[in-house]
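In this note's numbering, the protein residues as written are 2 to 365. Think of the CB as a built atom: it goes at the ideal place given N, C-alpha and C, for glycine as much as any other residue.
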Amino acid sequence: MVEKVAGADMKIFPSIENAFLLMNKGVIESFGSMTDLKKESLNYIEEVNCAGKFVLPAFCDSHTHIVYAGSREAEYVDRINGLSYEEIALRGGGILNSAKKLNAATEDELYNAALARINECIAQGTGAIEIKSGYGLSIEGELKMLRVIKKLKENLPVPVKATFLGAHAFPQEYKSTPEKYIDVLINEMMPVIEQEKLADYCDVFCERNYFTPAQTIRILEAGKKHGMKPKVHANQLSLSGGVQAGVQAEAVSVDHLEYVEEAEIIALQHSETMPTILPGAQIFLQLPHPPARKMIDAGLPLAIASDYNPGSSPTGNMSLMIALSCMLYKLTPEEAFNAATLNTAYAMDMQKRMAAFPKEKLPM
Ligand code: NIG
Ligand code: FE
2 MVEKVAGADM KIFPSIENAF LLMNKGVIES FGSMTDLKKE SLNYIEEVNC AGKFVLPAFC
62 DSHTHIVYAG SREAEYVDRI NGLSYEEIAL RGGGILNSAK KLNAATEDEL YNAALARINE
122 CIAQGTGAIE IKSGYGLSIE GELKMLRVIK KLKENLPVPV KATFLGAHAF PQEYKSTPEK
182 YIDVLINEMM PVIEQEKLAD YCDVFCERNY FTPAQTIRIL EAGKKHGMKP KVHANQLSLS
242 GGVQAGVQAE AVSVDHLEYV EEAEIIALQH SETMPTILPG AQIFLQLPHP PARKMIDAGL
302 PLAIASDYNP GSSPTGNMSL MIALSCMLYK LTPEEAFNAA TLNTAYAMDM QKRMAAFPKE
362 KLPM
C-alpha cells in the first residue's frame with residue numbers, strides 16, 4: 002500500500018471522470034466509473050448528484066493548537082507596529098500569554114470553545130485532526146489540556162490525535178534553570194500522561210530562545226519511553242538544527258521549515274520523517290517562504306497542515322492552506338492535494354485509513 006507520495010509522484014493525483022462512490026454508515030464501500038456500477042448496489046437510501054463537482058478525500062490536519070483560551074489579537078497590532086514574534090515572546094507575550102489565559106480557564110470552557118472551532122473545520126472539509134497541548138506549561142495546565150483533548154477524541158465524529166507539547170516554551174520561573182523544567186516534563190508529566198493514555202505524540206519547539214537540539218532529543222527520547230512518537234516544531238525562525246534533531250529521533254514529522262537549506266534536505270532524504278509546511282503561520286508572521294518547491298524537486302514528500310492557534314495562524318481552513326501553498330510556494334494543485342490528504346495523514350499515522358488510490362481503479 003502506498004503510504005505517502007514524494008518528489009515527482011506528488012504531481013499525480015488520480016481522478017475518475019463520471020464516477021460513483023458508495024457509502025455505508027459514513028465509510029466508503031466502493032467507488033469507480035459509472036459504467037462499472039453494479040445494478041445490485043443500487044438499493045441505496047440516499048442519492049447525492051455531484052454532477053459538475055469534485056468529490057475529494059477529506060483533509061487531514063496534522064498540526065493544530067486548537068484548544069486554547071482567549072485570542073491574542075493585541076499581538077497582531079504589536080506586529081503591525083513593528084515588533085517581531087520573538088520580541089513579543091521575550092516581553093512575556095506569545096505562548097506565555099496563552100499559558101496565562103489557559104491556566105485560568107476551566108476544562109468545560111476549553112472543551113466547548115475547541116468543539117466549536119473543530120466543528121467549523123469539519124464543515125470546511127477536515128476529516129481528521131491532531132491537537133497539541135503546550136499552553137499549560139505547568140503540570141496542572143498541561144494535564145488539563147490533554148484531558149480536554151481526550152474528551153474531544155471520545156466525542157467527535159472524526160479521528161483525533163493528541164500531542165504532548167509541554168516543551169513549547171520555558172515558563173518564566175524556569176528561565177534561568179531550563180534543565181529543571183525539562184526534568185518536570187520527563188519525570189512528573191510524562192508518567193501521568195502514559196498512565197492516563199493522554200497522548201499519541203510528543204512534540205518540542207526546537208528554536209533559539211526555546212529548546213536546543215540536544216534538549217529536543219532528550220525530551221523526544223524520554224517521550225518514546227512513555228509511548229509517545231516524536232514530532233518537532235523545526236526551523237521556523239532560524240536554522241535551528243530542529244530538522245536534524247527530528248531525523249535523529251526518527252520523528253513522524255518535522256513542521257514549519259521556513260529555514261531549510263541543503264543540509265536539512267539531505268537529512269530528510271535519508272529519513273522516513275514527513276516534512277510539513279504550515280502556510281498559515283508563515284503568512285501571518287510574514288516569515289520567509291519554506292522552500293517547498295525545492296524540497297519536492299529534491300525528491301522529498303511534503304505535507305501541509307493549518308497550525309490553527311491564536312498567535313500565529315488563527316484559522317483551520319485547509320482549502321486556504323492549499324491555495325496559499327499553490328500561490329506562494331508554486332505547488333501544483335495536485336501536489337497540494339496530495340500534501341493535504343495522504344501525506345498529512347502519514348504525519349498523524351492515519352495513512353492506512355486514508356489509503357492511496359488503488360492501482361486497479363486508476364483510469365487507463
Ligand atoms: O506552531 N511555533 C511555535 N508554536 C506555535 C505558535 C504558538 C503561539 O504563538 O501560540 C506555532 O506556530
Ligand atoms: Fe505549532
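Same chain only: Cβ atoms within 6 Å of residue i, ignoring 5 sequence neighbours per side
i, result
"His227", "Met191 and Glu195"
"Leu166", "Lys133, Ser134, Gly135 and Asp204"
"Gly242", "Pro214"
"Asp201", "Lys162 and Ala163"
"Pro292", "Val261"
"Leu363", "Because the pLDDT at Leu363 is just 44, under 50, the model does not fix this residue reliably, and the value given afterwards should be weighed accordingly. Correct list, in chain order: Pro15."
"Ala299", "Ile266"
Residue j beta carbon less than 9 Å from that of residue i
i, j, result
"Leu279", "Ser239", "no"
"His64", "Thr277", "yes"
"Gln125", "Ser320", "yes"
"Ala235", "Gly247", "yes"
"Met11", "Ile267", "no"
"Gln237", "Leu258", "yes"
"Ala170", "Gly95", "yes"
"Glu265", "Gln245", "yes"
"Phe285", "Phe14", "no"
"Leu332", "Gly8", "no"
"Ser139", "Ala100", "yes"
Residues bridged to residue i [DSSP beta-bridge criterion]
i, result
"Leu23", "Ser31"
"Pro302", "Ala7"
"Tyr202", "Thr164 and Lys230"
"Thr391", "Summary: the structure shown does not reach residue 391, with the chain confined to residues 2 through 365, and so no result is reported for it."
"Lys101", "Paired residue(s): none; Lys101 is not in a bridge."
"His257", "Ala235 and Ile278"
"Ser314", "Asn310"
"Thr65", "Tyr309"
Same chain, Cβ closer than 7 Å to residue i, five either side skipped, listed in chain order
i, result
"Asn25", "none"
"Ser254", "Ser63, Lys232, Thr274, Met275, Thr277, Ala304 and Ala348"
"Glu131", "Asp62, Ser63, His64, Thr65, Lys162, Thr164 and Met349"
"Glu336", "Met11, Lys12 and Ile297"
Nonlocal neighbours in the same chain, by C-beta distance under 8 Å from residue i, ignoring five residues either side
i, result
"Asn188", "none"
"Ala357", "With a pLDDT of only 47 at Ala357, under 50, the local geometry of the prediction cannot be trusted, and the value read off the model is given with reservation. Around Ala357: Met2, Val3, Glu4, Val6 and Leu343."
"Ile67", "Ala115, Arg118, Ile119, Cys122, Ile130, Ile132, Tyr309, Asn310 and Gly317"
"Ile29", "Leu22 and Leu23"
"Leu153", "Val68, Tyr112, Ala115, Leu116, Ile119, Ile132 and Val161"
Taking three-plus beta-carbon pairs below 8 Å as touching, is the region 46-66 in contact with the region 333-342? Three or more Cβ pairs drawn from the region 46-66 and the region 333-342 lie within less than 8 Å of each other, which places the two stretches in contact.
Okay, do the region 29-49 and the region 308-325 touch, 3+ Cβ pairs below 8 Å being the bar? Judged by Cβ distances under 8 Å, the region 29-49 makes no contact with the region 308-325, as fewer than three pairs qualify.
For the 8 Å Cβ check, are there 3 or more pairs between the region 214-221 and the region 148-163? Between the region 214-221 and the region 148-163 there are fewer than three inter-stretch CB-CB distances shorter than 8 Å, so the stretches are not counted as touching.
Whether or not the region 101-110 and the region 144-154 are in contact is what I'm after, with contact meaning three or more pairs of Cβ atoms, one per stretch, closer than 8 Å; do they touch? In short, these stretches touch, since the Cβ pair count reaches three.
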